[in-house]
Each structure stands twice: as structure tokens, then as C-alpha cells.
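Engineer:
Residue numbers (this note's numbering): 3 to 339.
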């Protein structure tokens, strides 16, 4: 049997948390940012030479801070890394489960085992949300959605899979598509559109400019989120806020779906209070453009986000159940304290 011991040059190479995180996202399209970040931290612990609990926690804190700084929008990522660190600290506060006192190898093995368990449960949360949210898709209804949320896709496909069963529903989907950043790439969400059509669900695709016109034909709005903040609002892809405003004006229920590992300790007061830098409004004169300054094209950027306040959200569908926006702070207290 060939030896699995790494070569000296390989063993001496420091663990690159950022490269690992990006590689995880590239290799698995279904992986969310928080889960990719948690998996990267578990791999860090596997490769780490730390020999005490204090060193391990310090390593996690420094690596998490480095990872957050390297990502343009670390809001969703922060929710996962902060929750994972809290989970490990809680585990360490239960000494009876960590093996013989002073045996750091046993403690380390327990941390890695619990870390992998945490990842598995987080991945399973998408199926739980689909089961909770499937009841919101009523027979004969039309659902409006946007973006490329995996959990929204899972929910709609779950409802579609039951078309031939005893609880079968017939529904249609209006899918809001944004232009792709690369002209040769397809818009985000097209994979879900194809999957739904293959299951016999009629899907209409519309541009963002047709949302107000199309909402009159929709019965409910279901959107995903990159992060759920303390006041019950959501941070999601640019354009979600305006869909929320229009849905409120037209008295259409607006539901946000998100895994509990996306609950983040953040309390934005408005659009311009998010802890990230976004060049959405980019003023230029002809002189600026002549000097070589390239104006920011928001329409072709999938990285920008906006904040949808809680008063626009009818309910949050999570793996913990269906919550009102005001219940988010209670959930965060349960998780953190």
C-alpha cells in the first residue's frame, strides 16, 4: 500500500484558508458560502499543528478574520464561521464529553468529529426547509422568485415532485432573471428553470424591469437570502428589496427562505449601513471616463446585495420552522446564549 505521507515540501507548505474556501465553492456548485467556510475551517483544524485548546481557538479566530477580509461580501460567510466557532466553544465547555482530562488529541478528534457533524446537519437543513415551505405553494398558484437560491430551488422542486402524489399541487413560476456578468454565460437561475420545466412545471422568465407588471399575475413571492439579520430583515442579491416593496404595495405575501446557519449578528438600519463596500451608485463625468475610469455596471454584477427590511417580509421559512421576522432575535439568542 502506497504511503499517504505528504512530501516534505508539501508538508511544510502553510495551509491557505482562502484558496481552500474558493476551491470548495468551485468544486461543488451546491455548496453555500457559510458551509464552504465551515468546511475550510474543519480542514484547517485537520492540518493544524496546534497542541492546546487556546492555540486552536486562536488559530480559528485569526484564520476566520483573514478569510473575511479576503472576500468582497463576507456577510453570509460570517454567519457560518461565527456560528461554527460558537459551536466549538460550547463543545469545549462540556468536559465530560471530551475524553480524559489533558488529552488534547482526544479533544482534537472530538472537535473534528463534531465539526463534520455540524456540516452534515447544515447541509440537511435544505431538505427540512423544502418540507416546511412546500405547504406555501398552493394548488393553482403562481409563484414569483428571483436569483439562483439553492434552497428556493429545492423548495419548488419538492413541490413539483409531489405533483403525482396524494398531496399534489399544480403551480406555475414567474422567474426573474438578471443579465449574466459574462455575456457568454447564462443568467443565474436558468438551471432551476430547466429543472422545473423538466418536471412539468410551467415557468415564465422575465427581466427585472418587468417585475411590477408581472406581480399582478403572481399569488406569492418566495426569495432566498445570503444572510438573515437580527431585526428579521434579509441581505440578498440586488433587486430583492424592490421586489419586496412592490409585493407590499400590491398586497402579495413575501416569503424569505434561509438556513439557520445564515442567521448573522448584524443590525443594519438601512441600505447604506451594511458592513461592506459596494460601488452601486458610481458618479462619473466625461472627463473621468476619458481618463480611463471604468464605470461600474450594476446590471452585470451578481456580487452586489441589498437589504430588505422586516416590515416587507410576511414570514421566514427556515429549518427551525416558519418564523415571523420578529422571532429572529429570539432564535439568535438561542443559538448564541
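Just so you know, even glycine gets a beta-carbon here, dropped at the ideal spot from N, CA and C. Only a predicted model underlies this, so the values are computations on that prediction, with no experimental measurement involved.
(1) Taking DSSP as the reference, what is the three-state secondary structure of residue 153?
(2) In the DSSP assignment, find the unbroken beta strand (DSSP E) run with residue 309 in it and report its ends.
(3) Which partner residues of residue 320 appear in the DSSP bridge assignment?
(4) To which residues of the same chain is residue 161 closer than 7 Å at the C-beta, ignoring the five residues directly before and after it?
(5) Considering only residues of the same chain and omitting the five flanking positions on each side of residue 179, which have a CB-CB separation below 6 Å?
(6) If contact is defined by three or more beta carbon pairs under 8 Å, each pair taking one atom from either stretch, is the segment 247-263 in contact with the segment 229-239?
(7) Along the chain, where does the alpha helix (DSSP H) containing residue 22 start, and where does it finish?
(8) Taking the C-alpha atoms as reference points, what is the distance between residue 269 and residue 201?
(9) According to DSSP, what are the bridge partners of residue 215?
(10) Tell me, please, whether the CB atom of residue 269 is closer than 8 Å to any CB atom in chain B?
(11) Are three or more beta carbon pairs between the segment 276-284 and the segment 313-331 nearer than 8 Å?
(12) Name, in chain order, the residues that DSSP records as bridge partners for residue 178.
(13) Going straight from the alpha carbon of residue 302 to that of residue 182, what length do you get?
(14) Return helix, strand or coil for residue 44, following the three-state DSSP convention.
(15) Looking at the unbroken beta strand (DSSP E) that takes in residue 239, where does it start and where does it end?
(16) Nearest CA to the CA of residue 216: which residue from 146, 120, 315, 329?
(17) Quick check: the Cα distance between residue 151 and residue 226, rounded to an integer number of angstroms?
(18) Assign residue 240 to buried or exposed, taking buried as 16 or more other Cβ atoms, counted over all protein chains shown, within 10 Å of its Cβ.
(19) So residue 121 and residue 44 are supposed to be a Cβ contact under 8 Å. How far apart are they, rounded?
(20) Buried or exposed, going by whether 16 or more other CB atoms sit within 10 Å of the CB of residue 156?
(21) With a CB to CB cut of under 6 Å and the five nearest residues on each side skipped, what residues in its chain are close to residue 1?
(22) Measure the Cβ-Cβ separation of residue 395 and residue 82 and say whether it is below 8 Å.
(23) Return helix, strand or coil for residue 301, following the three-state DSSP convention.
(24) Write down the C-beta distance between residue 159 and residue 124 rounded to the nearest angstrom, noting that I regard them as a contact closer than 8 Å.
(25) Residue 258 by DSSP, collapsed to three states: which one?
Structural biologist: Per the coordinate set shown:
(1) Position 151 of the chain shown, counted from the start, is the residue given in the question as residue 153. Here residue 153 sits in helix by DSSP.
(2) The count along the chain shown starts at 1 and reaches residue 309 at position 307. Start and end: 307-310.
(3) By 1-based counting over the chain shown, the position of residue 320 is 318. Its beta-bridge partners are 323.
(4) The residue labelled residue 161 in the question sits at position 159 within the chain shown. Around residue 161: 136, 139, 171, 173.
(5) Counting from 1 along the chain shown, the entry for residue 179 is found at position 177. Here the set comprises 189, 191, 207.
(6) yes
(7) Taking the chain shown and counting its residues from 1, the one referred to as residue 22 is at position 20. Per DSSP, residue 22 belongs to the alpha helix (DSSP H) from 19-29.
(8) Numbered from 1 along the chain shown, position 267 holds the residue referred to as residue 269. Numbered from 1 along the chain shown, position 199 holds the residue referred to as residue 201. Computed Cα separation, rounded: 40 Å.
(9) On the chain shown, position 213 is the one that residue 215 refers to. Its beta-bridge partners do not exist; DSSP assigns none.
(10) Protein chains in the displayed structure number just one, and chain B is not present.
(11) no
(12) As a working note, residue 178 is residue 176 in the chain shown. Looking at the DSSP assignment, residue 178 forms a beta bridge with 148, 208.
(13) Here residue 302 is taken as the residue at index 300 of the chain shown, counted from 1. Here residue 182 is taken as the residue at index 180 of the chain shown, counted from 1. The predicted position of residue 302 is uncertain, since its pLDDT is 47 and thus under 50; a value taken from the coordinates is nonetheless stated next. Whole-angstrom Cα-Cα distance: 6 Å.
(14) For the purposes of this step, residue 44 is identified with residue 42 of the chain shown, where counting begins at 1. Residue state, collapsed to three classes: helix.
(15) One-based indexing of the chain shown puts residue 239 at position 237. Per DSSP, residue 239 belongs to the beta strand (DSSP E) from 236-239.
(16) By 1-based counting over the chain shown, the position of residue 216 is 214. With distances taken between Cα atoms, residue 216 lies closest to 146.
(17) Here residue 151 is taken as the residue at index 149 of the chain shown, counted from 1. Here residue 226 is taken as the residue at index 224 of the chain shown, counted from 1. About 5 Å.
(18) Indexing the chain shown from 1 puts residue 240 at position 238. By the 10 Å Cβ count, residue 240 comes out buried.
(19) In the chain shown, counting from the first residue as 1, residue 121 sits at position 119. In the chain shown, counting from the first residue as 1, residue 44 sits at position 42. Correct: roughly 7 Å between the Cβ atoms.
(20) Stepping through the chain shown from its first residue, residue 156 is reached at position 154. Under this definition residue 156 is a buried residue.
(21) There is simply no residue 1 to check, as the chain begins at 3 and stops at 339 in what is shown.
(22) Any question about residue 395 goes unanswered here, given that the chain covers just 3 to 339.
(23) Within the chain shown, the letter at position 299 stands for residue 301. Any answer about residue 301 is weak, because its pLDDT of 44 lies below 50 and its placement is not dependable; what the coordinates show is given next. Reduced to three states, the DSSP call for residue 301 is helix.
(24) One-based indexing of the chain shown puts residue 159 at position 157. One-based indexing of the chain shown puts residue 124 at position 122. Contact doesn't hold; Cβ gap of about 20 Å is too wide.
(25) Residue 258 sits at position 256 when you count from the first residue of the chain shown. Reduced to three states, the DSSP call for residue 258 is strand.
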